[in-house]
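Worksheet: one structure, shown below.
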Amino acid sequence: MQSQGLSINLATIREQCGFAQAVDICLQHGITAIAPWREQVAAIGLNEAANIVHSNELRLTGLCRGGFFPAASFDDRQKALDDNRRAIDEAATLGADCLVLVVGGLPGGSRNLDEARKMVADGISAVLPHARQANVPLAIEPLHPMYAADRSCVNTLGQALDICELVGEGAGVAVDAYHVWWDPDLAQQVARAGQMNAILAHHICDWLVPTAHMLTDRGMMGDGVIDLPGLRRMIEAAGFHGAQEVEIFSDNWWARPAQEVIATCVGRYQACC
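Under the UniProt record's numbering, residue 273 is the last one in the sequence shown; the count climbs by one each step, no gaps.
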């Protein structure tokens with residue numbers, strides 16, 4: 001099957017269609033692995049989304065997202081923990097391979113990245129017992145340093161793995177090509193992740209040159225400068241042989257018909273990954 005080994009993160013066509021239609025389009029292209037976002041699930045209802053997943057025997061390579069642990073006040077940090085526990089329950093209901101964590105950036109008014117990273121580790125530690133009980137691994141996704149202030153103060157695979165070692169069983173990493181391709185220590189850290197059995201997900205897209213917008217101008221595979229086959233070889237050598245999950249935030253691709261986008265994902269996956 002031409003789509004074997006390919007997963008679609010539903011953010012890739014989030015502007016064109018909702019959960020049910022996105023699943024239908026993926027199935028039409030032979031894709032049986034997806035990764036939805038919580039707001040997409042909420043829009044159709046958790047029970048209905050679970051029915052669609054289970055009746056079509058879909059694999060969820062992840063649920064996006066938990067995280068955003070740092071906050072200026074104790075009450076806001078507690079609210080984040082409560083929301084993460086809800087996200088864990090949603091991932092368990094859907095049968096997701098993992099809950100992806102975008103951990104959050106600096107609390108309002110702060111310039112202290114070390115303190116923010118401590119809040120992240122403390123937050124993950126606090127929700128890990130719930131995740132273990134639900135059998136939902138937590139996948140820390142390091143984000144490119146351009147997001148350090150607002151989206152993620154964990155910016156390298158090495159930093160994410162340090163947290164995994166600190167908090168213990170039940171935490172791993174999501175390796176997103178867009179966020180880690182630049183890292184001079186990438187090969188070493190992927191190998192380390194393999195030794196820890198910590199790779200839970202592998203996300204792909206491409207880095208365009210120039211990049212017009214740091215959030216909504218990701219490239220389709222093959223349109224940019226990332227050595228996607230090289231990264232895949234690295235990850236497989238580390239022992240991860242799961243699906244490659246296409247996750248593209250792009251005003252360009254969101255403006256195109258969803259059928260065209262998914263067909264292009266399949267073709268580029270075969271040609272470039």
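Where a beta carbon is used, it is the ideal one built from N, C-alpha and C, also for glycine.
How would you label residue i, buried or exposed, when you count the other beta carbons within 10 angstroms and need 16 or more for buried?
i, result
"M119", "buried"
"A160", "buried"
"M1", "Residue placement at M1 cannot be trusted, given a pLDDT of 49 that sits under 50; what the coordinates show is reported in the next sentence. Exposed, by the Cβ-count rule."
"M214", "exposed"
"S55", "exposed"
"A121", "buried"
For residue i versus residue j, is the C-beta spacing smaller than 8 Å?
i, j, result
"L138", "G170", "yes"
"Q4", "G18", "no"
"D206", "I235", "no"
"I44", "I262", "no"
"T61", "D24", "no"
"P107", "A72", "yes"
"S7", "A271", "no"
"A193", "A22", "no"
Between residue i and the rest of its own chain, which residues show a CB-CB distance below 6 Å, the 5 nearest in sequence each way excluded?
i, result
"V136", "I88, A91, A92 and L99"
"W253", "V261"
By how many angstroms is the C-alpha of residue j removed from the C-alpha of residue i?
i, j, result
"I31", "G104", "31 Å"
"G224", "T211", "10 Å"
"H144", "Y178", "8 Å"
"V53", "R111", "42 Å"
"A33", "C273", "17 Å"
"T216", "S250", "4 Å"
"N51", "P184", "43 Å"
"residue 293", "D83", "Look at the range of the chain in this structure, 1 to 273, and you will see that residue 293 is not part of it."
Is residue i near the ligand GTP, going by C-beta to nearest heavy atom under 7 Å?
i, result
"I163", "Inclusion of the ligand GTP in the displayed structure is not the case, the ligand content being empty and no account of it being possible."
Which full runs of the alpha helix (DSSP H) of 4+ residues lie inside the region 123-201, going along the chain?
DSSP assignment within the region 123-201 yields the following whole alpha helix (DSSP H) runs of 4 residues or more, N-terminal first: 157-167, 177-180 and 186-195.
In chain order, which continuous runs of the beta strand (DSSP E) of length 3 or greater are located wholly inside the region 94-123?
99-102
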